[in-house]
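Engineer: Take 1 as the starting number for the sequence shown in full-length UniProt numbering and just add one per residue. Note that the Cβ used here is the ideal one computed from N, Cα and C, for glycine as well. This is the structure, below, for whatever I ask next.
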Amino acid sequence: MSNPDENKLKNKIKLTKESIIESAMALIEEHGIDRFSLRKLAQKLNCEAMSIYYHVKNKEQIFAEIVDSLILKIEFNQSIDGAKAQLKDIAYQWRRLSQQYPNIFLILAVHPLDSEIGQNFMHHILLILQQTNLSAKQASHFLRVLNYYLIGAGVDEAKGYHHAAQKQPPNSDDLLLNSAMAFWTVADQDQIFELGLDILLSYMPD
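See the structure below:
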C-alpha cells in the first residue's frame, strides 16, 4: 500500500515537459532503450506515472521530443565556404551525436524526421544542395543518400561495432578477414568515416 504522505509529496512536485524529456534522455543513455519505461521515468522524477501524461501523451511522444532535441544540437554554419564543406561540417556534428549519446542516437536512427524541427533540418540541407548544380530531383535523392550514410555510420558508432571487432578471436579459417579486421580500430574509425564521406560527396558537382 502506498504511503499517503509520500503520494502527497509526489503530487506537489512541479513537472514540465522539458524536465520530463531531459530525465528520459538521461535514463535511456544510462540504461538503454529496452529498459526504459514510464514507470521508471516516474521513479526518477519522483512523481506518479499518471502525472507525466499531463505533459506528454505517451512514450512515442517522448521519443519524438528526444529526436527533436538532438536535431536542434546541429548547427548550420553559413560562414563555411562551399556546399561540400558545409555538408561535411553537418556530418561531423551528426557523428558526434552518435558518440556522445549512443543509446539515444538509436532512437534518432529509426525515427522519421516528420516534426516541424525535423522538416526544417532537411529544408536547410536542401538549401545547401541548391548551391550546387544538382537538379531538384538529384538534390532530393542526395538528401536521402546522405541520410542513409549518416544513419548507418552513426549506428556503427553507437553500437560500437569497431570496438567489438577488436575483441573477436582470430579466425584461422579466414586469414583475409583477419587481416582486414586489424584496421578496424578506434584510431582507424576517423579515416573510415572520412573515406566514406569523401566518396559520397565526390558524386556531387562542385
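#1: Identify whether W184 lies in helix, strand or coil by the three-state DSSP scheme.
#2: Using three-state DSSP, classify S115 as helix, strand or coil.
#3: What does the alpha-carbon distance come out to for the pair I21 and V67?
#4: Please classify A136 as buried or exposed, where buried requires at least 16 neighbouring CB atoms within 10 angstroms.
#5: Check whether the Cβ atoms of residue 208 and I151 lie closer than 8 angstroms to each other.
#6: Between the region 94–101 and the region 115–127, do three or more beta carbon pairs fall short of 8 angstroms?
#7: Taking the alpha helix (DSSP H) that I33 falls in, what are its first and last residues?
#8: Using a Cβ distance threshold of 8 angstroms, determine whether the region 173–191 contacts the region 131–147, with at least three qualifying pairs required.
#9: Could you give the C-beta distance for L70 and I104, rounded to a whole number, given that I count them as a contact under 8 angstroms?
#10: Could you say which of R35, H55, D206, F121 lies nearest to L72 if we only look at CA atoms?
#11: Is residue 207 helix, strand or coil when you go by DSSP?
#12: L201 and K84: beta carbons closer than 8 angstroms?
#13: Express the C-alpha separation of R39 and G160 in angstroms, rounding to a whole number.
#14: Could you tell me if G82 is buried or exposed, where buried requires 16 or more neighbouring beta carbons within 10 angstroms of its beta carbon?
#15: In terms of residues, what are the limits of the alpha helix (DSSP H) holding H141?
#16: Below 8 angstroms on the Cβ atoms is my guess for G154 versus A182; work out the distance and round it to an integer in Å.
#17: Using CA coordinates, which residue listed in Y53, N147, L177, Q131 is at the minimum distance from K17?
#18: Would you call M1 buried or exposed, if buried means 16 or more other Cβ atoms sit within 10 Å of its Cβ?
#19: Could you give the distance in angstroms between the alpha-carbon of F76 and the alpha-carbon of D89?
#20: Measuring alpha carbon to alpha carbon, tell me which of K44, F142, D174 ends up nearest L126.
#21: Closer than 8 angstroms by C-beta to M25: which residues in its own chain qualify, once you throw out the five before and the five after it? Chain order, please.
Structural biologist: So, from the data block:
#1: By 1-based counting over the sequence shown, the position of residue 184 is 184. DSSP places W184 in coil when its eight states are reduced to three.
#2: As a position in the sequence shown, residue 115 is number 115, starting the count at 1. Looking at S115 - three-state DSSP - the assignment turns out to be coil, as it is neither helix nor strand.
#3: For the purposes of this step, residue 21 is taken as residue 21 along the sequence shown, with counting starting at 1. For the purposes of this step, residue 67 is taken as residue 67 along the sequence shown, with counting starting at 1. The straight-line gap from Cα to Cα measures roughly 10 angstroms.
#4: If you number the sequence shown from 1, residue 136 lands on position 136. Label assigned to A136: exposed.
#5: Outside the shown range of the chain (1 to 206) lies residue 208, about which nothing can therefore be said.
#6: no
#7: Against the sequence shown, residue 33 aligns to sequence position 33. It is not in any alpha helix (DSSP H) - I33 carries neither H nor E in the DSSP assignment.
#8: no
#9: Along the sequence shown, read from residue 1 onward, the residue named residue 70 stands at position 70. Along the sequence shown, read from residue 1 onward, the residue named residue 104 stands at position 104. That belief holds up - the Cβ atoms of L70 and I104 are roughly 7 angstroms apart, short of 8 angstroms.
#10: As a position in the sequence shown, residue 72 is number 72, starting the count at 1. Nearest option by C-alpha distance: F121.
#11: This structure gives no information on residue 207, because the portion of the chain shown stretches from 1 to 206.
#12: Taking the first residue of the sequence shown as position 1, residue 201 is located at position 201. Taking the first residue of the sequence shown as position 1, residue 84 is located at position 84. A contact, by the Cβ cut-off of 8 angstroms.
#13: For the purposes of this step, residue 160 is taken as residue 160 along the sequence shown, with counting starting at 1. For the purposes of this step, residue 39 is taken as residue 39 along the sequence shown, with counting starting at 1. Taking the straight line from one Cα to the other gives about 29 angstroms.
#14: Reading the sequence shown from its first residue, position 82 is the one you call residue 82. When all chains shown are included, G82 counts as exposed.
#15: Locating residue 141 in the sequence shown gives position 141, counting from the first residue. It spans 136–159 - the alpha helix (DSSP H) in which H141 sits, taken as one unbroken run.
#16: Locating residue 154 in the sequence shown gives position 154, where the first residue counts as 1. Locating residue 182 in the sequence shown gives position 182, where the first residue counts as 1. No, G154 and A182 are not in contact; Cβ-Cβ is about 24 angstroms, not under 8 angstroms.
#17: The count along the sequence shown starts at 1 and reaches residue 17 at position 17. Taking only the C-alpha atoms, the option nearest K17 is Y53.
#18: Along the sequence shown, read from residue 1 onward, the residue named residue 1 stands at position 1. Note that M1 scores a pLDDT of 49, beneath 50, so its modelled location is shaky; the value from the coordinates is reported in the next line. By the neighbour-count rule (16 or more Cβ atoms within 10 Å), M1 is not buried but exposed.
#19: On the sequence shown, residue 76 is found 76 positions in, with the first residue counted as 1. On the sequence shown, residue 89 is found 89 positions in, with the first residue counted as 1. Going by C-alpha positions, F76 is about 8 angstroms away from D89.
#20: Position 126 of the sequence shown, counting from 1, holds the residue named residue 126. Out of K44, F142, D174, F142 has the C-alpha closest to the C-alpha of L126.
#21: Position 25 of the sequence shown, counted from the first residue, corresponds to residue 25. Contacts found: I66, S69, Y101, I104.
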